[in-house]
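**Q** I'd like to ask you about the structure that follows.
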Amino acid sequence: GAVVSQHPSWVICKSGTSVKIECRSLDFQATTMFWYRQFPKQSLMLMATSNEGSKATYEQGVEKDKFLINHASLTLSTLTVTSAHPEDSSFYICSAALRPNTDTQYFGPGTRLTVL
Amino acid sequence: QKEVEQNSGPLSVPEGAIASLNCTYSDRGSQSFFWYRQYSGKSPELIMSIYSNGDKEDGRFTAQLNKASQYVSLLIRDSQPSDSATYLCAPSKDSSYKLIFGSGTRLLVRP
Numbered sequence: 148g149a150v151v152s153q154h155p156s157w158v159i160c161k162s163g164t165s166v167k168i169e170c171r172s173l174d175f176q177a178t179t180m181f182w183y184r185q186f187p188k189q190s191l192m193l194m195a196t197s198n199e200g201s202k203a204t205y206e207q208g209v210e211k212d213k214f215l216i217n218h219a220s221l222t223l224s225t226l227t228v229t230s231a232h233p234e235d236s237s238f239y240i241c242s243a244a245l246r247p248n249t250d251t252q253y254f255g256p257g258t259r260l261t262v263l
Numbered sequence: 009q010k011e012v013e014q015n016s017g018p019l020s021v022p023e024g025a026i027a028s029l030n031c032t033y034s035d036r037g038s039q040s041f042f043w044y045r046q047y048s049g050k051s052p053e054l055i056m057s058i059y060s061n062g063d064k065e066d067g068r069f070t071a072q073l074n075k076a077s078q079y080v081s082l083l084i085r086d087s088q089p090s091d092s093a094t095y096l097c098a099p100s101k102d103s104s105y106k107l108i109f110g111s112g113t114r115l116l117v118r119p
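Here the protein sequences come in this chain order: V and H.
For what it's worth, the numbering used here labels the leading residue of the first sequence as 148, then goes sequentially.
For what it's worth, the numbering used here labels the leading residue of the second sequence as 9, then goes sequentially.
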């Protein structure tokens, strides 16, 4: 149980375009989903916390107008990187929590974004 | 001071040995603690969680928690080459359920 999927697993796009990443909890309802970014040889950095039906809460330094997060249902959250630039190239990982029953986070497989 | 401190390693142990991974954290309000394993190029996978002081065992893994010392550790018994990965310590942050990740300890199990 507790399976989280992400789509796409990798994407290459041109600078200035937008990219949407989907995160789905496959066998449970996730009231809270989290979005992380990881650069090579660095640890995970939390970008935002997404609660179903409400606006996402962004971490300090994360541009909310650039990284649009939507959590429209209990099983789906999306991250849209708008006007992507090469410095946005990274490994984007989502996680889902079974709150309020538990605070354990289960991670999706990640999406590798390369912006040319 | 970093919120979560881990020795970056690499920690090298021979196959069959016990690997000991340590972590200290600064937030005394943390109530939940998680260990994740991350293989190169992959996302983290949950190994185990611990909430109370003392030891918690799950197969070859034992997590130890000492809230007074703000210290949590992970022991891996009978280490296998397939255990070679980066191990991430992640206390939760207050009541928000956010996880604060350490930079991880790279474990190398030599055949």
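Glycine residues also receive a C-beta, built at the ideal position from the N, C-alpha and C atoms.
The structure displayed is predicted, hence computed values, not measured ones.
Since I believe A149(V) is in contact with Y253(V) (beta carbons under 8 Å), could you give me their beta-carbon distance rounded to a whole number of angstroms?
**A** For the purposes of this step, residue 253(V) is identified with residue 106 of the first sequence, where counting begins at 1. For the purposes of this step, residue 149(V) is identified with residue 2 of the first sequence, where counting begins at 1. Indeed, because the Cβ distance is near 4 Å, the residues count as touching under 8 Å.
**Q** Taking the continuous beta strand (DSSP E) assigned at H218(V), which residues delimit it?
**A** Here residue 218(V) refers to the residue found at position 71 when the first sequence is read from its first residue. That run of the beta strand (DSSP E) goes F214 to S220.
**Q** In angstroms, rounded to a whole number, what distance separates the CA positions of D212(V) and T229(V)?
**A** Working through the first sequence from its first residue, we reach residue 212(V) at position 65. Working through the first sequence from its first residue, we reach residue 229(V) at position 82. Answer to the nearest angstrom: the Cα atoms are 8 Å apart.
**Q** Can you name the residues of chain V whose CB is closer than 7 Å to the CB of Y79(H)?
**A** Taking the first residue of the second sequence as position 1, residue 79(H) is located at position 71. Correct list: empty, because the minimum Cβ distance to chain V is about 19 Å.
**Q** Since T258(V) sits in a beta bridge, which residues does DSSP pair it with?
**A** Translated into positions along the first sequence, residue 258(V) becomes position 111. For T258(V), which the question treats as bridged, DSSP gives the partners Y239(V).
**Q** Determine the chain H residues that contact Y253(V) at a beta-carbon separation under 8 Å, and present them in chain order.
**A** Here residue 253(V) is taken as the residue at index 106 of the first sequence, counted from 1. L54, listed in chain order.
**Q** I need the DSSP call for D91(H), collapsed to helix, strand or coil.
**A** Position 83 of the second sequence holds residue 91(H). It is helical.
**Q** For the beta strand (DSSP E) that Q185(V) lies in, which residues bound it at each end?
**A** Walking along the first sequence from the start, residue 185(V) turns up at place 38. Taken as a continuous stretch (DSSP letters only), the beta strand (DSSP E) holding Q185(V) covers T179 to Q185.
**Q** Give a yes or no on whether 8 Å exceeds the smallest Cβ distance from P155(V) to chain H.
**A** Here residue 155(V) is taken as the residue at index 8 of the first sequence, counted from 1. No, P155(V) does not count as interfacial toward chain H.
**Q** On a Cα-Cα basis, can you pick out the residue from I26(H), A76(H) and Y33(H) that is closest to N15(H)?
**A** Within the second sequence, numbered from 1, the residue matching residue 15(H) stands at position 7. Of the candidates I26(H), A76(H) and Y33(H), the one whose C-alpha sits nearest the C-alpha of N15(H) is Y33(H).
**Q** Where T113(H) and M180(V) are concerned, what is the direct C-alpha to C-alpha distance, given to the nearest angstrom?
**A** Looking up residue 113(H) in the second sequence gives position 105. Looking up residue 180(V) in the first sequence gives position 33. C-alpha separation (whole angstroms): 26 Å.
**Q** How is E206(V) classed by DSSP in three states: helix, strand or coil?
**A** On the first sequence, residue 206(V) is found 59 positions in, with the first residue counted as 1. Looking at E206(V) - three-state DSSP - the assignment turns out to be coil, as it is neither helix nor strand.
**Q** Quick one: is S224(V) near chain H, going by C-beta distance under 8 Å?
**A** Within the first sequence, residue 224(V) is the residue found at index 77, counting from 1. Cβ-Cβ to chain H under 8 Å: no for S224(V).
**Q** Hey, I168(V) and S197(V): beta-carbon distance below 8 Å or not?
**A** Indexing the first sequence from 1 puts residue 168(V) at position 21. Indexing the first sequence from 1 puts residue 197(V) at position 50. Not a contact, by the Cβ cut-off of 8 Å.
**Q** Output, in sequence order along the chain, the residues in the segment 9-40 of chain H whose CB is closer than 7 Å to any CB in chain B.
**A** The structure shown has no chain B; the protein chains it does contain are V and H.
**Q** So what's E65(H) in DSSP terms, helix, strand or just coil?
**A** As a working note, residue 65(H) is residue 57 in the second sequence. E65(H): strand per DSSP, three-state reduction.
**Q** With C-beta atoms as the reference, is S38(H) less than 8 Å away from P99(H)?
**A** Here residue 38(H) refers to the residue found at position 30 of the second sequence. Here residue 99(H) refers to the residue found at position 91 of the second sequence. Yes.
**Q** With distance defined between alpha-carbon atoms, name the residue in C170(V), Q176(V) and F175(V) nearest to T182(V).
**A** Here residue 182(V) corresponds to residue number 35 of the first sequence, with the count starting at 1. A quick correction: the sequence has Trp, not Thr, at residue 182(V). With distances taken between Cα atoms, W182(V) lies closest to C170(V).
**Q** Where V262(V) and K75(H) are concerned, what is the direct C-alpha to C-alpha distance, given to the nearest angstrom?
**A** By one-based count along the first sequence, residue 262(V) stands at place 115. By one-based count along the second sequence, residue 75(H) stands at place 67. So the alpha carbons of these two residues sit roughly 43 Å apart.
**Q** Got a sec? Which residues, its chain only, sit under 6 Å from L223(V) by beta carbon, not counting five neighbours each side?
**A** For the purposes of this step, residue 223(V) is taken as the residue at position 76 of the first sequence. Around L223(V): R171.
**Q** By a C-beta neighbour count over all protein chains shown, 10 Å radius and 16 as the cutoff for buried, is F109(H) buried or exposed?
**A** Position 101 of the second sequence, counted from the start, is the residue given in the question as residue 109(H). Buried.
**Q** Would you kindly report the start and end of the unbroken beta strand (DSSP E) that includes Q46(H)?
**A** On the second sequence, position 38 is the one that residue 46(H) refers to. Here the beta strand (DSSP E) through Q46(H) covers F41 to Q46.
**Q** Could you round the C-beta distance between A244(V) and A177(V) to whole angstroms and report it? I think they count as a contact, below 8 Å.
**A** Residue 244(V) sits at position 97 when you count from the first residue of the first sequence. Residue 177(V) sits at position 30 when you count from the first residue of the first sequence. With 8 Å as the limit, A244(V) and A177(V) qualify as a contact, their Cβ atoms being about 6 Å apart.
**Q** Report, in whole angstroms, the separation of the C-beta atoms of F41(H) and V12(H), which I expect to be a contact under 8 Å.
**A** Position 33 of the second sequence, counted from the start, is the residue given in the question as residue 41(H). Position 4 of the second sequence, counted from the start, is the residue given in the question as residue 12(H). Not really, about 10 Å apart at Cβ, beyond 8 Å.
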